[in-house]
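S.K.: If you use mature numbering (1 follows the signal peptide of the UniProt record, and there is no 0), the sequence shown corresponds to residues -22 to -1, 1 to 781, in order. Handing you this structure, nothing more for now.
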Amino acid sequence: MKRFAKAVSAAVCTTLLFGAAACSPGESGEVYEPYDYTAKHLSIDNVLRFYSSDNRLDAFMNEYFERHMRYDEDMRIHTFPVGGGQPVWKEWESMIGSFWDASPANLGDYYATNRWIRDWLALDYMSVQDRQGYISTSTGVTTDDWGQGWSFPSYQHSRGGSYGEEFASDTAGWTGEGDTIVSFATGGADGDPQSSGEEGYLKAETSVSSDEIVILSPEIFEGAGMNAFYSPFLHFSWSFDILEGSAEDIDDLYVYFQTADDRTWTDDKCVRYSQYATVTNSFAASENTPQGTFLNMFLNEKWGRDSVNENKITRLKFVLKTKEDTKIRAAVYFNFIRADFDDRMSDNCGQYISAAKHYLSYTQDAEFLKQILPTARRAMQFYLTCLDGEENGIISNAYLVGHFNSGTAGVGVGIGDGFWDAISFPNTNLYSNLSYHQALVGMLYLEEMAEAYGVETEEVSVLGKDMKTEVVYRETTETLRQKLELCEQTMRETFWDDELGRFFAGYYDTEDGSGVTAQKMDYGFLMFNLQMIADGIATDEQAEQIMSWVAGERTIAGDDSTGEDIYKYLFAPRFTTKHNATDSTWAVGQASYWEVGVRDGGAVMQTSYYDLVARSRVRGADDAFARLQGIRDFYYAVRAAGGTGQDFYRVYFNELGIGMQGNYDADGDGVADGDSEGPVGIDCEFLEAALLFVSVPDAFFGIEPLSDGTLCVSPNMPSDLDYWRMENLLFGGVAYDLSIGKYFVQVSNVSESSSLTFRAELVKPSFAFEVRCNGELVSYTEENGRIVVSVPFGNCKIEIIGV
């Protein structure tokens, strides 16, 4: 979690401050008011619970937690588990579940957020890392797999400009050459033709032992061809079965292509699996193993990536060749063969590194760090090499085909970069760089943790932009700090608009995506601005200007939402404040009117997390707490509307005539089969709505697990509360409760002894005081206006007492 100040050198202070009358006011008029508090564990289960001097707040927080963690059948707002989302959710999911025991023991296996996160970080399900370090959304093996990035765009969104074959019922004109016989087969839906099922496959088999298996496509679109720019990758699910001979005798899989300009098979129009597949497996080890393959076709200059001058691909040929002087008899199966847009999301790598940081910061699991550190390093190198983080200080998505935005929507351009999938951003944009920044923060933490725990792993490398050059990861804590500082400085300078007093998304690209214009893309991206504050990137002056805009105190000309209307939906400020009528990806379509969805003037609860943290940092705990109370009042209004279970929010918003976005259970059969559109996103697939309760440890308790096994707590206590307690927290495998007050921090109900350390940072009062731990005088230091005490992690109450 996030610290609210950077540490400076500390000077050890005397235990007692003399020269003032006991309990007399300090220079600022502050008077010590003792509060008698003893922590008492109240919860009867082991999940996160909130208790304070405000019972109404507690009831809201605990009920909200149950609804949004979804483990309770009667309370849950949807069946999707928090933790089971696609990679673009992983940072948020790790923030939601890491600081308490979100394990199968408490939530059941399906709703155990931390189990999902750990398995994903280990690449045990869903995702795979490619040879450039990119974290792919899925393996691409089955028909329904999302592949490298998102479920859209696919060739089916190309408006006839791209091509694919699903082999659902026949081989669709594909033929064999020489000894190869092509036929239709059925098999499993898991991509395995050897398992039982009705899934269609193209089967290519040699009748005798041969040195090659050759499969020819029909003339694509009767010879008119597909647009190479719409088809930078070939994606196919395939497997092979050796009937005679050995898989070790296979040389490579070659994919030849013809163009409208040259309808011949030539070696310069050929892409090899071993060189250009994003992920490769040895043939000897992959026999009878379905694999999803993505071939970087655009790296062949005869295919290319020209967005202006169409290059038409008219035919394909797949050749599985054996090594010299060897032959095999084999069967090759293709579940599908698709031309594919470059839907890689730069956000995925940042999600991996940040999720690893959040998870490991609370588990302090050195063995797991050793296991996943190589993956994190390769993901970091993808940012530095392929997306130019090393060269530019911030990243650009220019390497990703079709991710640019010139301000004119069209097929194949403006492809999404992350969770905000429908918005087209420029190559160099604020959104992607927020993820890059989080990756730098996370990678620095992981490297510091590796140093602290003596974790060493093998050297790792990735392939560069050309899929040929090997690039070795050589980052250290020192170089990462330098990159982090440069990134923050560059983001502040690149994306800040002095005239409007807020950050904008980026400068539009030129028509072909190769250059940058002077025109800014700005729809009042309120959430990104709040995140710039919450993540500590914005300067103090920038933060003040942003908060005056968010709070409605300052109006920006041209915005469609100003003043109180920014909080129209009550539970969160709008995502944007200006209508975006032109900058959405073509596969989704343009927002035809204001508030058509959450992306265009709508609201999502995750924004409230950043709002609360930003308010706490800039305007103090009382301002943030007042906003939290406003969300509490909204919640009680929703409950009064009478909705229950998965209709909890929908009854309320239906009464108001406000649509809710989400994939919900339309007919009550337990299957999410209804897709609704609207400006509110708080249930269904909006898993990250659970972030609201993470604002408590982040904005108010100031919890930060350090990389050396120290838990730091730096409270920012609202004046309306006498005390605030969270129960059933987890750090380094040790369960505990944590309480804060104006002048104290207390750790209680500690489950076991450990070698961990606890560090309390209390605001230094202006009156004369002493510091005690469990009633005994204790030494302390002063840092950034706070009294700092470090003790072994255990049951303790650290308290400032007026004298």
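The beta-carbon is built from N, C-alpha and C at its ideal position, and this holds for glycine as well.
Are there 16 or more other CB atoms within 10 angstroms of the CB of I765, so buried, or fewer, so exposed?
M.R.: Flag for I765 reads buried.
S.K.: Bridge partners for M53 per DSSP, in chain order?
M.R.: Answer is none; M53 lacks a bridge partner.
S.K.: Just to confirm my understanding: we take R605, look at its own chain, exclude 5 residues before and 5 after, and list those with CB closer than 8 Å. What are they?
M.R.: Excluding positions up to five away in sequence, the list reads S586, D589, L590 and R593.
S.K.: Looking only at its own chain, which residues have a Cβ that is under 6 Å from the Cβ of A(-1), when we skip the five neighbours before and after it?
M.R.: Interpretation of A(-1) is limited by its pLDDT of 42, a score under 50 that renders its predicted location unreliable; no figure is taken from the coordinates.
S.K.: In whole angstroms, give me the CA-to-CA distance for Y133 and N773.
M.R.: Cα to Cα, the separation comes out at about 59 Å.
S.K.: For Q497, which three-state DSSP category applies?
M.R.: It is a strand residue.
S.K.: Taking the CB atoms as reference points, tell me whether L273 and L338 lie closer together than 7 Å.
M.R.: No, they are not a contact pair.
S.K.: Candidates S733, S732 and F722: which alpha carbon is nearest I778's?
M.R.: Of the candidates S733, S732 and F722, the one whose C-alpha sits nearest the C-alpha of I778 is F722.
S.K.: For V249, which of K295, N287 and S260 has the nearest alpha-carbon?
M.R.: That would be K295, whose Cα lies nearest to the Cα of V249.
S.K.: Counting along the chain, where does the beta strand (DSSP E) carrying A150 start and finish?
M.R.: Segment: none, A150 is in no beta strand (DSSP E) and carries neither H nor E.
S.K.: From the DSSP secondary-structure annotation, give me the bridge partner or partners of H213.
M.R.: H213 pairs with F272 and R316.
S.K.: What do you get for I113, buried or exposed, if any count of 16 or more other CB atoms within 10 angstroms of its CB means buried?
M.R.: With 16 or more Cβ atoms within 10 Å of its Cβ, I113 is classed as buried.
S.K.: To the nearest angstrom, how far is the alpha carbon of S187 from that of A308?
M.R.: C-alpha separation (whole angstroms): 8 Å.
S.K.: If distances are taken between C-alpha atoms only, which option among T688, D122 and M583 comes closest to A738?
M.R.: Comparing Cα positions, the closest option is T688.
S.K.: For L707, which three-state DSSP category applies?
M.R.: In this structure, L707 counts as strand in the three-state DSSP scheme.
S.K.: What residue does the alpha helix (DSSP H) around P82 start on, and which one ends it?
M.R.: Residues P82 to L85.
S.K.: What do you get for G635, buried or exposed, if any count of 16 or more other CB atoms within 10 angstroms of its CB means buried?
M.R.: When all chains shown are included, G635 counts as exposed.
S.K.: What residue range is occupied by the uninterrupted alpha helix (DSSP H) comprising A521?
M.R.: Taken as a continuous stretch (DSSP letters only), the alpha helix (DSSP H) holding A521 covers D518 to V528.
S.K.: Would you tell me roughly how many angstroms separate the C-alpha atoms of L408 and G151, rounded to the nearest one?
M.R.: Spanning the two alpha carbons is a distance of roughly 46 Å.
S.K.: Report all residues from its chain with a CB closer than 8 Å to the CB of S374; omit the five preceding and five following residues, and keep chain order.
M.R.: Cβ neighbours of S374 beyond the five flanking positions: L365, D366, N405 and T406.
S.K.: Taking only runs that begin and end inside the stretch 77 to 146, name each unbroken alpha helix (DSSP H) of 4 or more residues, in chain order.
M.R.: For the stretch 77 to 146, whole alpha helix (DSSP H) runs of length 4 or above, ordered along the chain, are 82 to 85 and 91 to 99.
S.K.: Ordered along the chain, which non-local residues of its own chain (more than five positions away) have a Cβ less than 7 Å from that of T153?
M.R.: Contacts found: V160 and L194.
S.K.: Does the stretch 138 to 148 touch the stretch 324 to 341, meaning 3 or more C-beta pairs lie closer than 8 Å?
M.R.: In short, these stretches do not touch, since the Cβ pair count stays below three.
S.K.: Would you list the residues sitting across from A713 in a DSSP beta bridge?
M.R.: In the DSSP output, where bridge partners are listed per residue, A713 has L708.
S.K.: Whose CA, out of A400, D676 and F549, lies closest to the CA of G127?
M.R.: Ranking the options by Cα distance to G127, first place goes to A400.
S.K.: Three-state secondary structure (DSSP) at E777?
M.R.: Note: E777 maps to strand in three-state DSSP.
S.K.: According to DSSP, simplified to helix, strand and coil, what is C465?
M.R.: Residue state, collapsed to three classes: helix.
S.K.: When the Cα atoms are used, what is the spatial distance from N289 to A206?
M.R.: Looking at the two C-alpha atoms, the distance is approximately 6 Å.
S.K.: Can you tell me where the beta strand (DSSP E) holding E436 begins and where it ends?
M.R.: Premise fails: E436 is in no beta strand (DSSP E) and is neither H nor E.
S.K.: So does the stretch 502 to 510 actually touch the stretch 536 to 551, counting three or more Cβ pairs closer than 8 Å?
M.R.: Contact between the stretch 502 to 510 and the stretch 536 to 551 is present, because at least three Cβ pairs lie under 8 Å.
S.K.: Taking M358 and M275 to be in contact with their CB atoms under 8 Å, please state how far apart those CB atoms are, rounded to whole angstroms.
M.R.: The Cβ separation is near 27 Å, so there is no contact.
S.K.: Is it buried or exposed, I22, if we count other Cβ atoms within 10 angstroms and call 16 or more buried?
M.R.: Exposed is the call here.
S.K.: Look up P171 in the DSSP assignment and say whether it is helix, strand or coil.
M.R.: It is coil, neither helix nor strand.
S.K.: Between T304 and F214, is the Cβ-Cβ spacing less than 7 Å?
M.R.: No, Cβ-Cβ distance for T304 and F214 is not below 7 Å.
S.K.: Classify H381: buried if its beta carbon has 16 or more other beta carbons within 10 angstroms, exposed otherwise.
M.R.: Per the 10 Å Cβ criterion, buried.
S.K.: Using a Cβ-Cβ cut-off of 7 Å (strictly less than) and excluding sequence neighbours within five positions of E368, which residues of its own chain qualify?
M.R.: The answer, listed in chain order, is L362.
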